[in-house]
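Okay, structure first, notes after.
Residue numbers (the working numbering), protein chains in the order written: chain A, 1 to 325; chain B, 326 to 976.
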């Protein structure tokens, strides 16, 4: 019998998700025993043309990591969608835009200028900027840069999500097992993780007082964190309560607050909105001045509340108002 | 949801209230185009019996499974339409309401097109939410058929009397050492020979010794938990230092060396630190005012029955009741020092003080003696603290003061025929039975009336002589009246620390601080909190007749609740999805009603649990819940989101 065909592709991401697959360690051999990998640019020498030649729907599952930033990403994911029975958004960037998604707080021109002209390490006296097409002795073409970064499901239909920045080996393996079991969950489900938040797995949850209220906000590098006490009670902005569990509360085990890389739970559509609402609720002040004092300690609101999810949020990013609106 | 959605939309004209502005026909036609709407109709008054009949018939004829009415505020007619929906055979919670009166026609009367567009949008939102509504059933609790009345003035006494008459066990508490409230100090009441104290005695006759009424004086409210039918109330009973053995011999007061102003006489005479609040006080037991007591122990030494214990401590007690009546009364308006010369001369007194002076049991045994002399010229200044006469004055009319002033003027006229009596007024509103005749009689008996618009000035010269200057509106000239006594007719204000009671029981208040009824006309003695009722002047100025009537009315509404076996509560409360809840405990601290706790479902797996008897459906926990596990029936995230998307479109 023919083995199921699998494709893996890397869009706008750091490469950690590719590394995560390799992190399966010896289990990767089990995976290879069970499936044929037909496309994996980072590891195997198959080209896009090879995928184009495959019959539609012949790939069992395509694992796509990274957000959609370039025209090339858009082109390839649309191709993979056509050729695959299932498309899986693998990792935070693919599911919600991830950390690179914070680039949506700037428009294309601002990003280009920053990267190619203003960054101190850039030496570009002629102010050369990348062009989609450059005609000199030969004609060179580069993929175009989309106006904003998009999560995969705003570009193609997505069947399942695998959360994490990156997904842990455990989550990755559980997802593969679920897909190969033939007993597929409803479309849109999140694979390999829990339906409950990080607190559910966190050993420190038991140390919470009856009423969780905080009076201050501290950044982790400025305090000596007690690893035996719930970090919220130490005024650290732990995103554990807002974030899907399944990671095994890895960060909490080493006394670092959860930053939310497993994204929202099933009932929550806008992670950052919910996170801000949760934080506002437990901030134990009625006086506006006191509240402002605490808020002024946040160096970067969007980075705290929307670290992994801005492009998938209701906000999507910063919108430039036209016509003086 | 497997069943096919069949929604009926009904747009109300509300006479011309809505139809005068909103193009109702347009809204109906628009509603017909919305998804899953199978019928849309208009009617002149949807809340009327024929209007409700349309809903009931259409549910059957069109096999509707959702009903949307676009009409007035849900706070007014949501219950009406829920009932109609239920009578039509549907679950009442499959009904949704769009408010196109308060939100459209009333606020955009001059922009008919805008109002119509907005009405369409509100209907679209209601339809979107209706599609996601789920059938709910009311939550039922056993009713504890006992009542608590806060405040032992005439309205509280009347309520206690009426509840006990129907066999209801009633707790009557007052923070002062005696029942009687304000009315017990009032003088002769209009058109009867009764005085305030006589009314008090008439009411106390049925309350004192009534085995169904437990009276707690010197007692204050600490906390109220629970909800309609089942309140758990914590009280603190402050020490009286004298127990029921007291035989009223009065030896203690004779030896007490401390003299302080007597509040019953509005400070016009002195009482001792150990005292009987007034002759007919209830309970008739002496009390020690520990703020002024020097603990010299003289009283303890002379008490022949050993009733005094200076070491008595406050005690807390908890009672369980089904309903609560707040009859906390009012405070007289206290003029600022210098306002109308108040406190600058002892010849400037308030109407309440005058009534004490004219009382045969008052500090002067009924003789009008001020500063050792009988005043020849007396000027009443009305509307002090009312009708915005001064910057500190309240905007409202205190209702009882005009009649009371005129009655006192007539009492003076009869008793001291040769005095000159003037009444300076902004407006005379003698609305009570027989009061207009009194007004006429006063005119016929040479009580002189002077009308002002701007507050009169009280002049005090260096010799201490008084005069009142005002611009007389009828004469259209400024006049000055020399006088020996100025009586400030002060209005009624909310009790000074009513906010403590108000926030403990969670009752709304108006801009001036009087407690708010659920509906001024339809539910005048009920509050927005089920099971909590209001009586007397705590909702606004009332005379004795009105206060007693409202006490009886509150008792009647309380009885309607307490005579039931069970009470049904709207199921619009918070609910936990245990498959999502991680037991993170964020919601526990949020709940203002203490309704959420963590329960252990398996070894160390915890989930939040909502006590449906305590949850009031405020939604705070649902907003705070970081995981979306906490949702509120009738306002689930998905339902609200559907409305937002209907209004704003998908992002």
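Note that CB positions come from ideal geometry on N, CA and C, so glycine has one too. Note that the structure is a prediction, hence the values are computed from the model and not measured.
{"Item": "Taking DSSP as the reference, what is the three-state secondary structure of residue 3(A)?", "Value": "coil"}
{"Item": "Determine the burial state of residue 45(A): buried for a count of at least 16 other Cβ atoms within 10 Å of its Cβ, exposed for fewer.", "Value": "exposed"}
{"Item": "Between residue 326(B) and chain A, is the shortest Cβ-Cβ distance under 8 angstroms, so that the two count as touching?", "Value": "Here residue 326(B) scores only 48 on pLDDT, less than 50, and its place in the model should not be relied on; the value that follows carries that caveat. By this cut-off, residue 326(B) is not an interface position."}
{"Item": "Taking three-plus beta-carbon pairs below 8 angstroms as touching, is the segment 503 to 517 of chain B in contact with the segment 867 to 886 of chain B?", "Value": "yes"}
{"Item": "Throw me the rounded Cβ distance for the residue 364(B) and residue 383(B) pair, which I believe falls under 8 angstroms.", "Value": "6 angstroms"}
{"Item": "What three-state label does DSSP hand residue 131(A) in the structure shown?", "Value": "coil"}
{"Item": "Strictly under 8 angstroms for the Cβ-Cβ distance: is residue 325(A) near chain B by that measure?", "Value": "Bear in mind that the predicted position of residue 325(A) carries a pLDDT of just 37, short of 50, making it too unreliable to give a figure here."}
{"Item": "For residue 892(B), which residues from the same chain have a beta carbon less than 6 angstroms from its beta carbon, with the 5 sequence-adjacent residues on both sides left out?", "Value": "466, 468, 553 and 554"}
{"Item": "Residue 423(B) to residue 942(B), Cα distance in whole Å?", "Value": "20 angstroms"}
{"Item": "What are the start and end residues of the alpha helix (DSSP H) that includes residue 377(B)?", "Value": "374 to 386"}
{"Item": "Please classify residue 957(B) as buried or exposed, where buried requires at least 16 neighbouring CB atoms within 10 angstroms.", "Value": "buried"}
{"Item": "Whose C-alpha, out of 966(B), 530(B), 962(B) and 882(B), is nearest the C-alpha of residue 899(B)?", "Value": "962(B)"}
{"Item": "List, in chain order, every chain A residue whose beta-carbon is nearer than 8 angstroms to that of residue 892(B).", "Value": "By Cβ distance, chain A contributes nothing, its closest Cβ being about 30 angstroms from residue 892(B), past 8 angstroms."}
{"Item": "List the endpoints of the continuous beta strand (DSSP E) containing residue 337(B).", "Value": "332 to 337"}
{"Item": "Taking residue 915(B) as the query, report the chain A residues whose CB atoms sit under 7 angstroms from its CB, ordered along the chain.", "Value": "281"}
{"Item": "To the nearest angstrom, report how far apart residue 733(B) and residue 563(B) are at their CA atoms.", "Value": "37 angstroms"}
{"Item": "Taking only three categories from DSSP, how would you classify residue 730(B)?", "Value": "helix"}
{"Item": "Kindly give me the distance between the Cβ atoms of residue 653(B) and residue 820(B), rounded to whole angstroms, as I take these residues to be in contact under 8 angstroms.", "Value": "5 angstroms"}
{"Item": "From the DSSP output, in three-state form, read off residue 593(B) for me.", "Value": "coil"}
{"Item": "Can you give me the C-alpha to C-alpha distance between residue 311(A) and residue 68(A), rounded to a whole angstrom?", "Value": "10 angstroms"}
{"Item": "Can you confirm whether residue 182(A), when its beta carbon is compared against all beta carbons of chain B, has any partner nearer than 8 angstroms?", "Value": "no"}
{"Item": "Which whole runs of the beta strand (DSSP E) in the segment 21 to 51 of chain A are 3 residues long or more, in chain order?", "Value": "36 to 39"}
{"Item": "Against residue 456(B), what residues of chain A qualify as contacts under a CB-to-CB distance less than 7 angstroms, listed in chain order?", "Value": "In chain order: nothing, as chain A lies at least about 18 angstroms away."}
{"Item": "Taking residue 309(A) as the reference, give the member of 17(A), 47(A), 82(A) and 165(A) with the closest Cα.", "Value": "165(A)"}
{"Item": "What would DSSP say about residue 325(A), mapped onto helix, strand or coil?", "Value": "Unreliable positioning characterises residue 325(A) in this predicted model, as indicated by a pLDDT of 37, which lies under 50. The coordinate reading is nonetheless provided below. Residue 325(A) falls in the coil class under three-state DSSP."}
{"Item": "Check residue 305(A) in the structure and name its three-state DSSP category.", "Value": "helix"}
{"Item": "Determine the chain A residues that contact residue 905(B) at a beta-carbon separation under 9 angstroms, and present them in chain order.", "Value": "195, 196, 197, 265, 266 and 267"}
{"Item": "Looking at chain B, is there any beta carbon in it that lies within less than 8 angstroms of the beta carbon of residue 97(A)?", "Value": "no"}
{"Item": "Using a C-beta cutoff of 8 angstroms, does residue 952(B) count as contacting chain A?", "Value": "yes"}
{"Item": "Go through its chain and collect everything with a Cβ distance to residue 930(B)'s Cβ below 8 angstroms, but skip five positions before and after it.", "Value": "908"}
{"Item": "With a cut-off of 8 angstroms, do at least 3 Cβ pairs link the segment 558 to 572 of chain B to the segment 606 to 626 of chain B?", "Value": "yes"}
{"Item": "Within 8 angstroms, do at least three Cβ pairs link the segment 331 to 346 of chain B to the segment 376 to 396 of chain B?", "Value": "yes"}
{"Item": "With 8 angstroms as the threshold, decide whether the Cβ of residue 948(B) is near any Cβ in chain A.", "Value": "yes"}
{"Item": "Out of 85(A), 140(A) and 100(A), which one is the CA nearest neighbour of residue 92(A)?", "Value": "100(A)"}
{"Item": "With H, G and I counted as helix, E and B as strand and the rest as coil, what does DSSP make of residue 796(B)?", "Value": "strand"}
{"Item": "DSSP beta-bridge partners for residue 391(B)?", "Value": "332(B)"}
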